[in-house]
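Residue numbers (this note's numbering), protein chains in the order written: chain A, 132 to 282; chain B, 132 to 282.
In what follows, a structure is listed as structure tokens, so that the remarks can point back to it.
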DNA sequence: CGCTGATCTTGACTCGTTCCAGAAAAGTGC
DNA sequence: GCACTTTTCTGGAACGAGTCAAGATCAGCG
């Protein structure tokens, strides 16, 4: 939970101008990991009053390409963002309700970053998604028989 | 490359009615691994003449939930489908051109299907994507400086 | 052959996201 | 503080991927 000043430093460190929308968005992403764009817009507006959705999209793009946030797009749901970057952790995603949890890399420090054969590709990231049913959902619909609906 | 009859058997084996669109779609997925929905529609139409996009979407959904094809959705690109199912292999995806290659699981037979801590989630699949630059693209734009555009 | 429910067609529609352009506002370096 | 540049705002409009709904058609069964 970085303070407003921490966030300011983060922005400056990434050569980004410090603006109120940026501080608010980055703060929102820190406070609500895995939030989708819509929730972020809502949180930011609670904080600042009216902010155009356009601005939020712009800011999220800027932060993403500066590497301050990471964008994740699990199948069939809108983009989500998280501020935990740099460490390479993975995600548990519930097929039913879409809940997302962080998990540390199963294999080790420099984890799964190496496919068995790289075919000449220059790999820079390994993204792992564990598809699952979260405890609540597996209680509700015990056997994910047939086809799990994860739209 | 299964023949039309093979495909028919596959469909029947999965308790699916054998219709011309289904045969064509399943054939197309076999012939064009990692094709997106649009390309599949195009291929199917070359084969059968007019087919509604709706039908193709329906068929792909049916095939996916029957387990005859697998749906993959790398962040920021449309759904793609492949007919190689059952073995759990992973994908190399080029950030620049979107090319996809199969790679076998790096870790072993029952591979990455276990996060370090599962938080009570019932994991049924681990999806691994290696983000990379393919040989052609890394020749073209040597240093992927700044933010790779992979929209 | 004829029924029946599964499948396909048609066309409109939602959703999340991006693009546009000009004007206003705000951050930064001097 | 000022000028310069970037960012944001307004309010569109446009986009692609995917979905919905109603009716027509077809596969598979007896």
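For every residue, glycine included, the Cβ atom is placed at its ideal position computed from N, Cα and C.
With distances taken between CA atoms, residue 230 of chain A lies nearest to A:206 out of A:206, A:195, A:190 and A:196. At least one CB of chain A lies nearer than 8 angstroms to the CB of residue 257 of chain B.
If you draw a straight line from the Cα of residue 196 of chain A to the Cα of residue 212 of chain A, it comes to about 12 angstroms. With the rule of 3 Cβ pairs closer than 8 angstroms, the segment 139-152 of chain B counts as touching the segment 188-203 of chain B.
For residue 221 of chain A, DSSP records a beta bridge to A:234. Here the alpha carbons of residue 260 of chain B and residue 163 of chain B stand approximately 19 angstroms from one another. Counting only the Cα atoms, residue 254 of chain B lies some 9 angstroms from residue 265 of chain A. The beta-carbon of residue 217 of chain A is placed no less than 8 angstroms from the nearest beta-carbon of chain B. Residues are counted here when their Cβ sits less than 9 angstroms from a Cβ of chain B; for the segment 199-210 of chain A these are 202, 203, 204, 205, 206, 207 and 210, given in chain order.
Our two residues, residue 249 of chain A and residue 225 of chain B, have alpha carbons roughly 12 angstroms apart in a direct line.
Here residue 216 of chain A is exposed, its C-beta having fewer than 16 other C-beta atoms within 10 Å.
Not a single CB atom of chain A sits nearer than 8 angstroms to the CB of residue 187 of chain B. The residues 167, 168 and 169, in chain order, have a CB closer than 8 angstroms to that of residue 209 of chain B in the same chain once the five nearest residues on each side in sequence are set aside.
Residue 156 of chain A carries a helical assignment under DSSP once its states are collapsed to helix, strand and coil. Here residue 201 of chain A is bridged, per DSSP, to A:213. Apart from the 5 residues on each side of it in sequence, residue 186 of chain A sits with its Cβ closer than 8 angstroms to the Cβ of 152 in its chain, given in chain order. Taking a Cβ-Cβ threshold of 9 angstroms, the residues of chain A close to residue 265 of chain B are 250, 251, 252 and 253, in chain order. For residue 269 of chain B, the chain A residues whose C-beta falls within less than 9 angstroms of its own C-beta are 251, 252 and 253, listed in chain order. The beta carbons of residue 179 of chain B and residue 157 of chain B sit no closer together than 8 angstroms. Identification of chain A residues near residue 225 of chain B by a Cβ-Cβ cut-off of 8 angstroms yields 252, ordered along the chain.
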